[in-house]
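Q:
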DNA sequence: TATGAATGAGGCTTCATTCAT
DNA sequence: TATGAATGAAGCCTCATTCAT
């Protein structure tokens, strides 16, 4: 559904193959978080995946493909985070929790990682393929936000007009992504301060 | 005082030496923006600086030192940007203009670059030296914001209480850094949309 | 007698085994023609043979053995080509046709291929085993030629003396092998030009 | 004059640079003769050139470029050999001597090597760049031969008609290239046999 | 018999860094 | 001060070969 441009030639992977791919991606994610996309070597990844470097090439054509796979995976997670956020009963608290997770050296693949997010964003500036994936993810995030903001209140939305929802979702995305930056730059920020700061701002941005 | 942790052994540089350093840093900045910290090679930098690769080592002990110098330089620029923002008569318009600059492949050293900013932030996650420089820069930015927000209105400030200014400056920093992320991820965003979105949000965050 | 130096330990191959070997050699030939001995990979060959890479090792101890087998096979084919040539009613036309076949990316295993022939000849320079196989094949070719040239006219031969037939068969071999070189270097040569050139030279070399 | 398609960007190489290139090419030639184009590694070449592998890349962009340079150099040598042949007073003896040189593991760069010649010819079958270089060289060789054969006898030529010279130069090229094949396949052939064989054939091919 | 996953060695290439000039 | 040649380590990737299944 969110996989694009590669539906061709995708042979149905065996269970083993899928597991290996997963193993590699998990190892890659760890390494990328730890060293960055460029500084992480295939040898690092192979070691983390507990396999030989050569074997990785049975499952991915090259390092770029792994980077891209991680990026796409991260964007999907980002989208899920956004969805969870807009579905939460307490938006402010949800943001605080997101920040808390982002500011930790991620132990779990199923979570966005701030450093990865920032590096990906920077990479979008240079690599057209990354830019495209990002563009796609952004569109979905925006659509998610706008849908939520424009939905009638009785359906769990905010009941904004279409025009307003567009502007406001931009502001929200900025806030969220700004929090990701904060998570990388100041991971030990006092959560209560953050909670207080958001609590007196977010409700107003939503309510009207 | 703004240069920290390296006041020792810093021999007084000759004019020539300072110019050469400047030349190298300027070249490095270009290259880092274009390729990223890791992908940019010393040869790239040397070429951009129109000097031999070997000569660079007379002014910097290694590539890391250049990266660090650029990062420190960028943080200073960031601080200046923040100062300019808080001194501007039209905060919203100033933000829009900042975004417009960030989203361009920087032509001018004296401006922050979004990709560099994000990569630096990610690097802070991994390199303690970078983290420290970032921490320092962040403190100054916060102080700047808080001073502005807490200053009486008749002195060009906003007249907030100390506690409120602390919370609000965090929100502002998030917004600004969120804009930097936007600049990298969606450099062709419609400026009017952004202007509209900010115009109906920022004033309220400032006024009270 | 035509298989040399390996009559020992050669267990009687089952029918299946022989077919598999044939299948592998056919695939290898295709790949070697297409990529060359070194650039063709076992994976290439396995794919062309429609079997797994591992299975190949049940029939050949290693890649070198396949190369050698192909070389030996090619030399046998070369010998057959020579025989056909000396048995043909129109020697010149037979040469032209041989050239035409050599200059095509071989569709048929049962034909010599110019690129393979040249690569094999070069390899003889380096690998003693190849050199030996070549030497053997050469001896047979010469013998074939000499027998034909020395045989009385009434028995389909040319009726040369033993000494002359030795010298002349050397010249013929040069011409033929030179044509193989031409086939590789100038595969689109005009056949009529070639026919004309040979027609006014070959008869005289044969007749006396 | 015989360098084609690369007149652009060719900065005037320093003396040192030229010597290094020469050194590398000489080493490469040795290695290619010894191992073949594909089997010779950059490490082999570096060792033979007594320099680090990395340094080679200061003078050649990649291995292919070295292969191509050697091929072009060989074709030039081939052309010179042809010229020398057509200028020699005793064509037959010149051929015998050429054979004698080709059949030795070449100690001198300034000589064609049979194995290299054959491998190059085979490679022309697969690599368009090589094919082009070969094509070019072939054209020149033919032109050389034809010019000689068509030139009046009083100017040292043979005085053939244009049409005949075309056909006959094809035959000569076949003979010469056939000798190169012989040199690779049977380097210890008896030179007297060869001399005798050629002596009774070549004069007739030239005289009329 | 057959597969194809797995490895390890080795190949090509890049690059930060040093050093003779 | 300045060059740029030179190195060595490391990076990415391929491939012949082995082996558990």
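Protein chains in written order, with the numbering used here: chain C, 1 to 208; chain X, 1001 to 1208; chain U, 2001 to 2208; chain W, 3001 to 3208. Where is the CB? At the ideal position from N, CA and C, for every residue including glycine. Computed from a predicted structure; not experimentally measured.
Within 10 Å of its beta-carbon, does residue 3019 (chain W) have 16 or more other beta-carbons around it, so buried, or fewer, so exposed?
A: Position 19 of the fourth chain holds residue 3019 (chain W). It counts as exposed.
Q: Please tell me whether residue 2136 (chain U) and residue 3038 (chain W) are closer than 7 angstroms, where the distance is taken between their beta carbons.
A: Here residue 2136 (chain U) corresponds to residue number 136 of the third chain, with the count starting at 1. Here residue 3038 (chain W) corresponds to residue number 38 of the fourth chain, with the count starting at 1. No. Outside cutoff.
Q: Thinking C-beta only, is residue 2071 (chain U) closer than 7 angstroms to residue 2133 (chain U)?
A: Numbered from its first residue, the third chain carries residue 2133 (chain U) at position 133. Numbered from its first residue, the third chain carries residue 2071 (chain U) at position 71. It is a contact, given that the beta carbons lie within the stated cut-off.
Q: Could you check where the alpha helix (DSSP H) with residue 3075 (chain W) kicks off and where it finishes?
A: Here residue 3075 (chain W) corresponds to residue number 75 of the fourth chain, with the count starting at 1. Taken as a continuous stretch (DSSP letters only), the alpha helix (DSSP H) holding residue 3075 (chain W) covers 3063-3087.
Q: Along the stretch 36-56 of chain C, what residues have a CB closer than 9 angstroms to any CB found in chain X?
A: 36, 37, 38 and 39
Q: Should residue 58 (chain C) be labelled buried (16 or more other beta-carbon atoms within 10 Å of its own) or exposed?
A: Within the first chain, residue 58 (chain C) is the residue found at index 58, counting from 1. Residue 58 (chain C) should be labelled exposed.
Q: Would you mind listing the alpha helix (DSSP H) stretches within the stretch 158-207 of chain C that are 4+ residues and don't spill past its ends, in chain order?
A: 162-185, 191-199 and 202-207
Q: Exposed or buried, residue 1154 (chain X), counting other C-beta atoms within 10 Å across all chains shown (16 or more means buried)?
A: In the second chain, counting from the first residue as 1, residue 1154 (chain X) sits at position 154. So residue 1154 (chain X) counts as exposed.
Q: Flag residue 3127 (chain W) as yes if its beta-carbon sits less than 7 angstroms from any beta-carbon of chain U, otherwise no.
A: Stepping through the fourth chain from its first residue, residue 3127 (chain W) is reached at position 127. Residue 3127 (chain W) has a beta carbon lying at 7 angstroms or more from every beta carbon in chain U.
Q: How should residue 62 (chain C) be labelled, buried or exposed, when 16 other C-beta atoms within 10 angstroms of its C-beta is the threshold for buried?
A: To locate residue 62 (chain C), count along the first chain from 1; it is residue 62. It is exposed - the Cβ of residue 62 (chain C) has fewer than 16 other Cβ atoms within 10 Å.
Q: When the Cα of residue 73 (chain C) is compared with those of C:159, C:194 and C:21, which residue comes out closest?
A: Here residue 73 (chain C) is taken as the residue at index 73 of the first chain, counted from 1. Checking every option, the nearest Cα to that of residue 73 (chain C) belongs to C:21.
Q: Measure from the C-beta of residue 122 (chain C) to each C-beta in chain X and report whether the shortest distance is under 7 angstroms.
A: Locating residue 122 (chain C) in the first chain gives position 122, counting from the first residue. At least one chain X Cβ lies under 7 angstroms of residue 122 (chain C).
Q: When the Cα atoms are used, what is the spatial distance from residue 1125 (chain X) to residue 36 (chain C)?
A: For the purposes of this step, residue 1125 (chain X) is taken as the residue at position 125 of the second chain. For the purposes of this step, residue 36 (chain C) is taken as the residue at position 36 of the first chain. About 10 angstroms.
Q: Please classify residue 3178 (chain W): is it buried, with 16 or more other beta-carbons within 10 angstroms of its beta-carbon, or exposed?
A: Residue mapping note: residue 3178 (chain W) aligns to position 178 of the fourth chain, counting from 1. Flag for residue 3178 (chain W) reads buried.
Q: Going by the CB atoms, is the gap between residue 3172 (chain W) and residue 3142 (chain W) shorter than 7 angstroms?
A: Numbered from 1 along the fourth chain, position 142 holds the residue referred to as residue 3142 (chain W). Numbered from 1 along the fourth chain, position 172 holds the residue referred to as residue 3172 (chain W). The answer is no: Cβ separation not under 7 angstroms.
Q: Determine the closest residue to residue 2127 (chain U) out of W:3127, W:3184, W:3111 and W:3051, with distance taken between C-alpha atoms.
A: One-based indexing of the third chain puts residue 2127 (chain U) at position 127. The shortest Cα separation from residue 2127 (chain U) among W:3127, W:3184, W:3111 and W:3051 belongs to W:3184.
Q: Which residues in chain U sit within 8 angstroms of residue 3174 (chain W), going by Cβ to Cβ distance?
A: Mapped onto the fourth chain, residue 3174 (chain W) falls at position 174. Per Cβ cutoff of 8 angstroms: 2174, 2175, 2178, 2179, 2181 and 2182.
Q: Would residue 2004 (chain U) count as contacting chain W if we go by Cβ distances under 7 angstroms?
A: Within the third chain, residue 2004 (chain U) is the residue found at index 4, counting from 1. Confidence at residue 2004 (chain U) is low in this model, with a pLDDT of 46, below 50, so the placement of that residue is unreliable and no value is reported for it.
Q: I want to see whether chain X comes within less than 7 angstroms of residue 115 (chain C), judged by CB atoms only; does it?
A: Against the first chain, residue 115 (chain C) aligns to sequence position 115. For residue 115 (chain C), the answer is yes, since a Cβ of chain X falls inside 7 angstroms of its Cβ.
Q: Alpha carbon to alpha carbon, how far is residue 1050 (chain X) from residue 2064 (chain U)? Give it in angstroms, no decimals.
A: The residue you call residue 2064 (chain U) lines up with position 64 of the third chain. The residue you call residue 1050 (chain X) lines up with position 50 of the second chain. Computed Cα separation, rounded: 52 angstroms.
Q: My assumption, with CB atoms under 8 angstroms, is that residue 3166 (chain W) sits in contact with residue 3112 (chain W). Please give the rounded CB distance.
A: Start at 1 with the first residue of the fourth chain, and residue 3166 (chain W) comes out as number 166. Start at 1 with the first residue of the fourth chain, and residue 3112 (chain W) comes out as number 112. Wrong, their Cβ atoms sit about 24 angstroms apart, outside the cutoff.
Q: Which bits of chain U does residue 3192 (chain W) rub up against, with CB to CB less than 8 angstroms?
A: Counting from one through the fourth chain, the residue named residue 3192 (chain W) turns up at place 192. Chain-order list of chain U residues neighbouring residue 3192 (chain W): empty, with the shortest C-beta distance near 10 angstroms, by a criterion of under 8 angstroms.
Q: Using the three-state DSSP reduction, which class does residue 1059 (chain X) fall into: helix, strand or coil?
A: Numbered from its first residue, the second chain carries residue 1059 (chain X) at position 59. It is helical.
Q: With a 10 Å radius around its C-beta and 16 neighbouring C-beta atoms as the bar for buried, classify residue 3103 (chain W) as buried or exposed.
A: Along the fourth chain, read from residue 1 onward, the residue named residue 3103 (chain W) stands at position 103. Residue burial is scored here from C-beta neighbours: residue 3103 (chain W) has at least 16 other C-beta atoms within 10 angstroms and is therefore classed as buried.
Q: Could you spell out where the alpha helix (DSSP H) holding residue 3154 (chain W) opens and where it closes?
A: By one-based count along the fourth chain, residue 3154 (chain W) stands at place 154. It is not in any alpha helix (DSSP H) - residue 3154 (chain W) carries neither H nor E in the DSSP assignment.
Q: Specify the secondary structure class of residue 113 (chain C) as computed by DSSP and reduced to three states.
A: On the first chain, residue 113 (chain C) is found 113 positions in, with the first residue counted as 1. Here residue 113 (chain C) sits in coil by DSSP.
Q: I want to see whether chain W comes within less than 7 angstroms of residue 2090 (chain U), judged by CB atoms only; does it?
A: Taking the first residue of the third chain as 1, we reach residue 2090 (chain U) at position 90. Output row for residue 2090 (chain U): interface = no.
Q: Residues of the stretch 1138-1150 of chain X in Cβ contact with chain C at a cutoff of 7 angstroms, in chain order, please.
A: 1138
Q: Report the neighbours of residue 197 (chain C) on chain X: residues whose CB is nearer than 9 angstroms to its CB, in chain order.
A: Numbered from 1 along the first chain, position 197 holds the residue referred to as residue 197 (chain C). Result: 1166, 1167, 1168, 1169, 1170, 1171 and 1174.
Q: Check the Cβ-Cβ distances between residue 1007 (chain X) and every residue of chain C, and say whether any is below 7 angstroms.
A: As a working mapping, residue 1007 (chain X) is identified with position 7 in the second chain. Unreliable placement is indicated for residue 1007 (chain X), whose pLDDT of 45 sits below 50; no coordinate value is reported for it.
Q: For chain C, is any of its Cβ atoms less than 7 angstroms away from the one on residue 1110 (chain X)?
A: Against the second chain, residue 1110 (chain X) aligns to sequence position 110. So no, residue 1110 (chain X) is outside the interface.
Q: Would you say residue 3132 (chain W) lies against chain U (beta-carbon separation less than 7 angstroms)?
A: Here residue 3132 (chain W) refers to the residue found at position 132 when the fourth chain is read from its first residue. With 7 angstroms as the cut-off, residue 3132 (chain W) does not count as an interface residue toward chain U.
Q: Check whether the Cβ of residue 2156 (chain U) sits closer than 6 angstroms to any heavy atom of the ligand FMN, and report yes or no.
A: Absent from the structure shown: the ligand FMN. Ligands present: none.
Q: What's the gap between the Cα of residue 3162 (chain W) and the Cα of residue 3150 (chain W)?
A: Walking along the fourth chain from the start, residue 3162 (chain W) turns up at place 162. Walking along the fourth chain from the start, residue 3150 (chain W) turns up at place 150. In a straight line, the C-alpha of residue 3162 (chain W) is about 6 angstroms away from that of residue 3150 (chain W).
Q: Could you check the C-alpha separation between residue 60 (chain C) and residue 1164 (chain X) for me, to the nearest Å?
A: Start at 1 with the first residue of the first chain, and residue 60 (chain C) comes out as number 60. Start at 1 with the first residue of the second chain, and residue 1164 (chain X) comes out as number 164. Each residue's Cα considered, the two are about 52 angstroms apart.
Q: For residue 1012 (chain X) and residue 1025 (chain X), I'd like the C-alpha separation in whole angstroms.
A: Here residue 1012 (chain X) is taken as the residue at index 12 of the second chain, counted from 1. Here residue 1025 (chain X) is taken as the residue at index 25 of the second chain, counted from 1. Their backbone Cα atoms lie some 18 angstroms apart in a straight line.
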